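Residue numbers (the UniProt record's numbering): 1 to 287.
Each residue gets a CB set at the ideal place from its N, CA and C atoms; glycine is no exception.
Keep in mind that this is a model prediction, so the values were computed, not measured.
Below is one structure, written out as C-alpha cells; comments come after it.
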C-alpha cells in the first residue's frame, strides 16, 4: 500500500478507539452523510432453528435487520427476546432516533445499517473477499469456520477463548491443534461434551487469544473484551453477522481481524456467498 493509498483509506474508513466514540462520530455526521436525513425503509426479523446432519445438538437464531437504502444492518438477539413493537419503532425512523432507542439491539442494527450504507464491504475499506461455496448447511458452516479461524496467527498448543459457541468453529480450531475455552451466555455443552462457561471476561486471562461473535455488540459484552485484548496485546478475531460493518472500525484498537458476513447469511440458502475479511494473516503468511 502506498502512502497516498493509505491516506485515502484513512479518510474514507476511519477507525475508532471505542464503541461510544464511533456512535458519537456517526451522530455528528463525521463518517458520512447527515444521519438525520437517513431513514429506515424496512425492518424485519429472521428466525432459524438448525440441527446439522451428523450433529447431536442444535440451536436457534433470531436476527433484527434494518434496511437503509441499499444496505442492511443486523443484530442478533436471544430468540423471543425482541418485543414485537420494536420493528414498528424502526420503520420510517431516522438513524439518530434509533441510535437513542432503549433497546441495544435496535441501536446496534441502526449503526450497522448506516455504516454499511456509507462504506460497504470492499477493497476500498481494506476488505478481502472470500467466496463461500454452495452446499449443505453443514458444508457452508464448516467453510465459514475455516475462513474465520485462518485469521488467527497462533502456533499449535495455544488456547483460544471462543465467545459465542459454534461447533464448526471449535472443529476448525481442533484441526489446527489449538485448544479452546468455549463460552456462551446460554451455557450448556459442546458437541464433544465440553462444558460451556458463561463468564467470558473471567476466562479471558487464561487464554492466549480471543475469537468472539459479533453478538457481543448486542448484549453489551464487546467493549470489556476489546479492552482486555488491547491491554494484554492479545489477538481478538471477530466473526460478525451482527455488526459486520461496525466491527472493522475497531481494527488497531483491540480488534486484530474481522470476518464480516452481512445479510443474507450463509444459513439462509444453499447457494454461494461472500465473506469479507479484514486484518489477520494473508495466504502464504503475507500480511
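Residue j beta carbon less than 9 Å from that of residue i
i, j, result
"residue 272", "residue 104", "no"
"residue 38", "residue 82", "no"
"residue 19", "residue 71", "no"
"residue 130", "residue 147", "yes"
"residue 169", "residue 149", "yes"
"residue 307", "residue 276", "The displayed coordinates of the chain run from 1 to 287. Any statement about residue 307 would go beyond what the structure contains."
"residue 27", "residue 98", "no"
"residue 36", "residue 102", "no"
"residue 258", "residue 268", "no"
"residue 244", "residue 116", "yes"
"residue 45", "residue 62", "yes"
"residue 171", "residue 191", "yes"
Close Cβ partners of residue i (< 7 Å) along its chain, the five nearest in sequence each way excluded
i, result
"residue 195", "189"
"residue 218", "75, 76, 77, 104, 105, 108 and 242"
Residues that residue i bridges to, as DSSP identifies them
i, result
"residue 209", "160 and 235"
"residue 276", "129 and 260"
"residue 137", "BP columns for residue 137 are empty, so no partner."
"residue 182", "162"
"residue 94", "39"
"residue 47", "62"
"residue 197", "183"
"residue 77", "62"
"residue 68", "71"
"residue 255", "251"
"residue 189", "195"
"residue 143", "Beta-bridge pairing links residue 143 to no other residue."
Integer Cβ distance of residue i from residue j, believed to fall under 8 Å
i, j, result
"residue 263", "residue 127", "Actually they do not touch by this definition, with Cβ atoms about 16 Å apart."
"residue 225", "residue 210", "6 Å"
"residue 112", "residue 246", "5 Å"
"residue 43", "residue 87", "4 Å"
"residue 156", "residue 142", "About 20 Å separates the two Cβ atoms, so there is no contact after all."
"residue 110", "residue 73", "7 Å"
"residue 237", "residue 213", "Not really, about 11 Å apart at Cβ, beyond 8 Å."
"residue 230", "residue 254", "4 Å"
Cut-off 6 Å between Cβ atoms - residues of its own chain near residue i, not counting five sequence neighbours on either side
i, result
"residue 206", "none"
"residue 215", "76, 164 and 242"
"residue 292", "Residue 292 falls outside the range modelled here, since the chain spans only 1 to 287, and no answer is possible."
"residue 204", "161 and 228"
"residue 222", "216"
"residue 265", "241"
"residue 16", "22 and 249"
"residue 187", "196 and 198"
Spatial neighbours of residue i in its chain, beta-carbon cut-off 8 Å, leaving aside the 5 residues before and after
i, result
"residue 160", "152, 154, 173, 178, 179, 180, 181, 207, 208, 209, 210 and 211"
"residue 14", "25, 30, 31 and 249"
"residue 91", "40, 41, 42 and 43"
"residue 158", "178, 179, 208 and 209"
"residue 60", "47, 48, 49, 50 and 79"
"residue 220", "104"
Residue i Cβ short of 8 Å to the ligand ZN heavy atom set
i, result
"residue 278", "This structure lacks the ligand ZN; in fact it carries no ligand of any kind."
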